[in-house]
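Its first residue numbered 1, the sequence shown is counted upward by one per residue in our numbering.
As structure tokens, the structure follows; a few thoughts come after it.
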Amino acid sequence: MTIAAAVWVVTWVLLRPPTDSITLPVLGPVPAPLVLLGAALLVGYLLARVVGWHAGWRGRRWARSVTGGLHKGITGAVETEAFAPLDQLDADRRRLWHAARAVSSGCG
Numbered sequence: 001m002t003i004a005a006a007v008w009v010v011t012w013v014l015l016r017p018p019t020d021s022i023t024l025p026v027l028g029p030v031p032a033p034l035v036l037l038g039a040a041l042l043v044g045y046l047l048a049r050v051v052g053w054h055a056g057w058r059g060r061r062w063a064r065s066v067t068g069g070l071h072k073g074i075t076g077a078v079e080t081e082a083f084a085p086l087d088q089l090d091a092d093r094r095r096l097w098h099a100a101r102a103v104s105s106g107c108g
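Laid out in structure tokens, this is it:
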């Protein structure tokens with residue numbers, strides 16, 4: 001529709017065929033090709049905004065679901081694989097501390 005309106009405006013400017021005028025409240029009489037072009041551009045802009053909003057909404061929903069699953073998987077992997085040696089070291093250190101405390105309280 002926008003292309004047809006643009007072609008009509010170019011034809012109107014170059015060949016000057018007779019066209020109707022549409023009276024707009026603030027602008028007064030405006031040639032029909034310009035009104036059609038303006039309406040087509042406005043509708044296209046509004047449609048693009050609505051489609052962009054909808055795509056953003058769907059994308060955010062999808063990203064939240066992917067992020068949630070990814071976060072759970074990464075957290076589980078880090079806890080079991082990355083911190084396992086540190087957990088073992090901490091458990092050994094705790095056992096050594098309890099043993100040292102038992103020895104020091106038995107000697108005293």
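For each residue, glycine too, the CB sits at the ideal point set by N, CA and C.
Per DSSP, reduced to three states, the secondary structure at valine 26 is coil, with no helix or strand assignment. If you ignore the 5 residues before and after leucine 37, its C-beta comes within less than 8 Å of the C-beta of Thr2, Ala5, Ala6, Trp8, Val9, all in its own chain and listed in chain order. In the DSSP assignment, alanine 39 falls within the unbroken alpha helix (DSSP H) covering 32-77. By a beta-carbon distance limit of 8 Å, valine 30 contacts isoleucine 22. Their separation comes to about 6 Å.
Membership of arginine 16 in any alpha helix (DSSP H) is not indicated, and neither H nor E is assigned to it by DSSP. Alanine 55 and tryptophan 97 have their C-alpha atoms spaced approximately 58 Å apart. For leucine 47, same chain residues with a beta-carbon under 6 Å away, outside a window of 5 residues either side, do not exist.
For alanine 82, there is no enclosing alpha helix (DSSP H), as DSSP gives it neither H nor E.
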